[in-house]
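Student: This is the structure I have questions about; it appears just below.
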Amino acid sequence: MHPALDWQEDDLSSAFTPLSQPRPARLPGELPMAVAAAIWRGDQLGGPVSAVLASGFEALDAQLPGGGWPCHGVIEILASQSGMLEWRLLGPALRQVCAAGRAVVVVGPPKAPHLPGLRFEGIDERHLVWVRADTAAERLWSAEQLIKANACGALVVWLPQARAEQVRRLQVLAASCEGPVFLCRPSAAARESSAAPLRLQARVGLDWELHLDIFKRKGPPLEGTLRLGSVPGGLRAILTPRLRFPSRLLPREADHVVVSTPAPDRPHHAVH
């Protein structure tokens with residue numbers, strides 16, 4: 031017999047191994063592990079599907095899918111005080127972009143960026159690009175070109191009158207953009223439909239806070255309002271302990287009760 035064919039029984043048993051181990055039995059309705067891991071359920075907070083940028087607020091990161099501002103998508107920020115509140119909310123994240131040497135591009139802000147205030151937030155003006163665009167068409171066109179070129183580490187664009195199809199187009203384009211795209215709109219836009227996967231409404235609280243309502247995210251809407259401490263950078267060093275909490279300086283409810291007495295020169299009429 032040929033030496034290559036001179037196999038013993040033991041050699042034959044060790045040369046072949048089963049192609050697959052017996053699969054454990056699944057319960058009725060139970061999905062395979064690989065399928066179950068890829069499914070997101072609407073009552074659960076979604077996991078990261080792309081890179082994220084930390085918001086700088088731990089409480090906010092805990093409520094954002096993936097633990098930060100999602101990249102490769104549009105984030106819609108609604109506010110009634112447009113032009114001021116957005117910087118306080120986004121400042122900590124934009125600071126990270128500047129520190130990494132990437133550009134922060136703002137398109138059509140309603141007010142000129144206040145450079146001294148941005149420096150207090152750690153935003154380096156050397157990495158800040160301000161695109162002056164007065165009309166909605168100019169803002170939309172500028173935002174689309176910047177997203178297509180992947181030309182910035184973070185994009186903040188103000189589009190107060192954006193239509194649903196325009197937001198949808200920005201969302202499609204943003205899928206290929208490495209950085210987050212922040213779309214700033216008025217609070218009234220909350221009643222409109224939007225293709226943005228993350229939408230939140232922001233307002234200013236009394237004790238230097240930001241109050242956020244996350245009404246659309248990959249997961250259930252956030253129940254209640256999220257309160258974030260956000261003292262403007264230029265005021266941190268000069269605020270006294272009393273001014274740090276202005277609500278404590280307001281008169282109590284009993285102080286608003288006004289007791290009036292009839293004037294002495296007017297006749298009094300008894301009430302029967």
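Going by the numbering used here, the sequence shown opens with residue 31, and the numbers climb by one from there.
Each residue gets a CB set at the ideal place from its N, CA and C atoms; glycine is no exception.
Considering only the beta carbon of each residue, do V197 and S172 sit closer than 7 Å?
Tutor: Going by C-beta atoms, V197 is not nearer than 7 Å to S172.
Student: Might you give, ordered along the chain, the residues of its own chain that have their beta carbon closer than 8 Å to the beta carbon of L256, omitting 5 neighbours on each side?
Tutor: Cβ within range, chain order: A89, L90, Q93, H241, L242, D243 and I244.
Student: Among D237, Q175, G121 and Q111, which has the Cα closest to the Cα of L203?
Tutor: L203 has its Cα closest to that of Q175, out of D237, Q175, G121 and Q111.
Student: If you draw a straight line from the C-alpha of L258 to the C-alpha of S217, how long is it?
Tutor: Roughly 19 Å separates the two Cα atoms.
Student: Answer yes or no: do W160 and A123 have a C-beta to C-beta separation smaller than 7 Å?
Tutor: Result no, Cβ atoms of W160 and A123 do not sit closer than 7 Å.
Student: Could you give the DSSP three-state label for C128: helix, strand or coil?
Tutor: Of the three classes helix, strand and coil, the one that applies to C128 here is helix, per DSSP.
Student: Report the three-state DSSP secondary structure of L170 (helix, strand or coil).
Tutor: Helix, per DSSP.
Student: Going by the DSSP bridge assignment, what does G259 pair with across the sheet?
Tutor: E239.
Student: Do G147 and the ligand FMN come close, with the Cβ less than 6 Å from some heavy atom?
Tutor: In the structure shown, the ligand FMN is absent, as is every other ligand, since no ligand is present at all.
Student: Determine the DSSP secondary structure at G147, reduced to helix, strand or coil.
Tutor: Here G147 sits in helix by DSSP.
Student: Buried or exposed: which applies to Q231, given that a residue is buried once 16 or more other Cβ atoms fall within 10 Å of its Cβ?
Tutor: So Q231 ends up on the buried side.
Student: On the criterion of 16 or more Cβ atoms from any shown chain inside 10 Å, does P25 qualify as buried, or is it exposed?
Tutor: A query on residue 25 cannot be resolved here, the shown segment of the chain reaching from 31 to 302 and no further.
Student: On the DSSP bridge assignment, give the partners of W188 in chain order.
Tutor: C214.
Student: Out of curiosity, what's the CA-to-CA distance linking A129 and P281?
Tutor: If you take the alpha carbons of A129 and P281, they lie about 44 Å apart.
Student: I'd like to know whether the C-beta atoms of E116 and C182 end up nearer to each other than 7 Å.
Tutor: No, these two residues do not count as a Cβ contact at 7 Å.
Student: Do you know whose CA, among V134, A167, A142 and R169, lies nearest R156's CA?
Tutor: Per the Cα distances, V134.
Student: Mind checking A184: buried by the 16 CB within 10 Å criterion, or exposed?
Tutor: That one is buried.
Student: So for E222, helix, strand or coil by DSSP?
Tutor: Residue state, collapsed to three classes: coil.
Student: Alpha carbon to alpha carbon, how far is E151 from V211?
Tutor: Each residue's Cα considered, the two are about 20 Å apart.
Student: Measuring only the C-alpha atoms, how far is C207 from A179?
Tutor: Distance between the alpha carbons of C207 and A179 is about 8 Å.
Student: Using only the alpha-carbon positions, how far apart do D73 and A220 sit?
Tutor: With a pLDDT of 47 at D73, under the threshold of 50, the modelled position of this residue cannot be trusted; read the value that follows with caution. In a straight line, the C-alpha of D73 is about 21 Å away from that of A220.
Student: Let's test the definition: count the other Cβ atoms within 10 Å of the Cβ of G254 and tell me whether it reaches 16, buried, or not, exposed.
Tutor: The residue is exposed, with fewer than 16 neighbouring Cβ atoms inside 10 Å.
Student: Which term fits K248, buried or exposed, when burial requires 16 or more other beta carbons within 10 angstroms of its beta carbon?
Tutor: Flag for K248 reads buried.
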